[in-house]
Amino acid sequence: MLRLAWKAGKALWPEIRLLPLRAAVALGSAGLGQPPRPQQLWKAYGIVLPIGVLTWWAIPQVTWVMSPSIKAWAVRAAPGPIHRGDLVSFELSHPLAGPKPVGVTKYALCMPGDRIDMIEKPSMTPRAWDGWYYCNGRLLGVSKAIGRNGQRLDHWNPAAARIPSGMIYVGSSHPSGFDSRYYGPIAISRLQRMERVL
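Heads up, the sequence shown is in this note's numbering, so the first residue is 20 and it goes up one at a time.
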């Protein structure tokens with residue numbers, strides 16, 4: 020144990036030795052043993068503090084999208100009613116999403132009252148079926164029988180021919196998107212309309 024502590028201390032010594040110099044420079048000095056220059060410190064504050072405050076304000080305003088299923092890297096909340104094609108975000112609780120709810124961003128594809136059809140066709144996976152989803156006759160997407168990690172995927176089977184009032188089918192054109200093909204429509208009350216930033 021002492022040998023491990025000695026090796027760690029020996030490896031860190033060059034950094035520890037430079038701490039006084041770094042502290043002096045941070046306080047506006049030109050170097051170790053030089054007098055402090057407070058005006059340099061105030062110039063640094065004048066640059067760093069506004070950037071820090073702007074960053075502190077901006078980061079919570081933007082949601083970074085970690086999925087290739089939508090054409091955006093960053094989105095932000097956009098008040099107003101949700102229309103077909105709008106980006107929407109919500110919290111998803113699903114066994115395949117993990118033990119905790121995750122933030123998801125998708126497109127609003129099939130609206131309340133729209134006709135929803137699902138046709139089952141044989142899958143490329145042996146002894147399995149895929150669901151082909153249509154909204155008002157337009158193909159929304161095709162479910163898969165097996166996920167990327169080899170897990171079995173059950174697709175949503177609509178109980179009615181119309182999207183219920185207060186619900187929206189969400190998804191994307193990405194063939195591997197995890198969306199309403201698997202968990203059905205989402206309540207509008209759970210959706211936040213979003214707009215693309217990047």
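Here a beta-carbon is modelled for each residue, glycine too, at the ideal position from N, C-alpha and C.
Decide if the stretch 171-189 is in contact with the stretch 80-93; the criterion is three or more beta carbon pairs, one per stretch, under 8 Å apart. No, because fewer than three Cβ pairs between the stretch 171-189 and the stretch 80-93 fall closer than 8 Å, the two stretches do not touch.
Taking Arg200 as part of the alpha helix (DSSP H), name the residues at either end of that continuous run. For the purposes of this step, residue 200 is identified with residue 181 of the sequence shown, where counting begins at 1. Taken as a continuous stretch (DSSP letters only), the alpha helix (DSSP H) holding Arg200 covers 199-202.
Where Met20 sits in the DSSP three-state scheme: Taking the sequence shown and counting its residues from 1, the one referred to as residue 20 is at position 1. With a pLDDT of 46 at Met20, under the threshold of 50, the modelled position of this residue cannot be trusted; read the value that follows with caution. Coil, per DSSP.
Using the C-alpha atoms, what's the distance from Pro114 back to Gln170? Counted from its first residue, the sequence shown places residue 170 at position 151. Counted from its first residue, the sequence shown places residue 114 at position 95. The alpha-carbon atoms of Gln170 and Pro114 are separated by roughly 11 Å.
Thinking C-beta only, is Ser199 closer than 8 Å to Gly190? Stepping through the sequence shown from its first residue, residue 190 is reached at position 171. Stepping through the sequence shown from its first residue, residue 199 is reached at position 180. For Gly190 and Ser199, yes; Cβs fall inside 8 Å.
Would you mind reading off the limits of the beta strand (DSSP E) that contains Val161? By one-based count along the sequence shown, residue 161 stands at place 142. Val161 -> beta strand (DSSP E) spans 157-161.
Rounded to the nearest angstrom, what separates Leu123 and Trp61 at their Cα positions? Here residue 123 corresponds to residue number 104 of the sequence shown, with the count starting at 1. Here residue 61 corresponds to residue number 42 of the sequence shown, with the count starting at 1. Per the sequence shown, residue 123 should be read as Val rather than Leu. Cα-Cα distance, rounded: 43 Å.
Cys129 vs Ile165 beta-carbon contact at 8 Å: On the sequence shown, residue 129 is found 110 positions in, with the first residue counted as 1. On the sequence shown, residue 165 is found 146 positions in, with the first residue counted as 1. Their beta carbons are not under 8 Å apart, which means Cys129 does not touch Ile165 by this criterion.
Give the DSSP bridge partners of Ala180, in chain order. As a position in the sequence shown, residue 180 is number 161, starting the count at 1. Bridge partners of Ala180: none, in fact.
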